[in-house]
Ligand SMILES: CC(C)(COP(=O)(O)OP(=O)(O)OC[C@H]1O[C@@H](n2cnc3c(N)ncnc32)[C@H](O)[C@@H]1OP(=O)(O)O)[C@@H](O)C(=O)NCCC(=O)NCCS
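In the working numbering, the protein residues as written are 16 to 188.
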């Protein structure tokens, strides 16, 4: 049985583990090990993960299957957003499902959770940044109505990459 639940303050290690594993699984084939390791080391320290969990303007959710953690979601409001940072928008910063659990409806449940939170917070739109080469994720978002509206630069280790920014108008749903 798949369940979606809010991550607790004492689950930083579990979050760190799945964040690192899913990031590696998603990006290792198309990026150098050096750039990937540098990003993982800097971005997923326990201290950083703990402070992100404790940020009142962010929220993390785990998806579990028979209590086993298989995916996670991170959303940001207000100043926790990595760009835009206005009151009436919400960022979907991360949605990652373990590779061997993809295609079972977990991503859809997490996305539905993000949309539910966006509605609860009465934002105008939900937005995200996705690597231009992550075609699979881009088509997943397009399936649910996200449209491209801009792009920004994302630094992975020593490499600058283009992130496509996509948004889903919430008012229209
Ligand atoms: C993208 C991702 C979140 C989708 O999650 P998932 O659990 O595999 O997807 P689901 O099984 O919930 O699929 C839900 C629906 O989307 C469709 N779908 C899934 N992946 C898709 C894709 N890449 N392109 C188009 N449609 C897709 C499914 O066919 C399904 O459609 P249906 O309900 O009509 O049958 C997941 O594959 C993932 O974690 N990928 C790697 C991490 C990543 O790239 N994250 C985004 C970073 S910005």
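Think of the CB as a built atom: it goes at the ideal place given N, C-alpha and C, for glycine as much as any other residue.
For this session: For residue 114, I'd like the list of residues in its chain whose CB is within less than 6 Å of its CB, leaving aside the five on either flank, ordered along the chain.
Result: 40
Exercise. Relative to the alpha-carbon of residue 111, which residue among 128, 55, 68 and 34 has its alpha-carbon at the smallest distance?
Worked result: 34
Exercise. Using CA coordinates, which residue listed in 179, 93, 69 and 48 is at the minimum distance from residue 25?
Worked result: 69
Exercise. Is residue 149 near ligand 1, judged by its Cβ being under 6 Å from some heavy atom?
Worked result: yes
Problem set entry | residue 121 CB to nearest heavy atom of ligand 1 below 6 Å | yes
Exercise. Are at least three pairs of beta-carbons, each pair with one atom in the segment 136-144 and one in the segment 97-106, less than 8 Å apart?
Worked result: yes
Exercise. Which residue or residues does DSSP assign as beta-bridge partners of residue 144?
Worked result: 180
Problem set entry | Buried versus exposed call for residue 158 [16 or more other C-beta atoms within 10 Å across all chains shown] | exposed
Problem set entry | Start and end residues, beta strand (DSSP E) containing residue 106 | 104-112
Exercise. Does the distance from the C-beta atom of residue 59 to that of residue 31 stay below 7 Å?
Worked result: yes
Exercise. Considering only residues of the segment 16-96, which uninterrupted beta strand (DSSP E) runs meet the minimum length of 3 residues and lie entirely inside it, listed in chain order?
Worked result: 17-21, 73-80 and 83-92
Problem set entry | For residue 164, the first and last residue of its enclosing beta strand (DSSP E) | 162-171
For this session: Excluding the 5 residues preceding and the 5 following residue 20 in the sequence, name in chain order all residues of the same chain whose CB lies nearer than 8 Å to its CB.
Result: 76, 77 and 79
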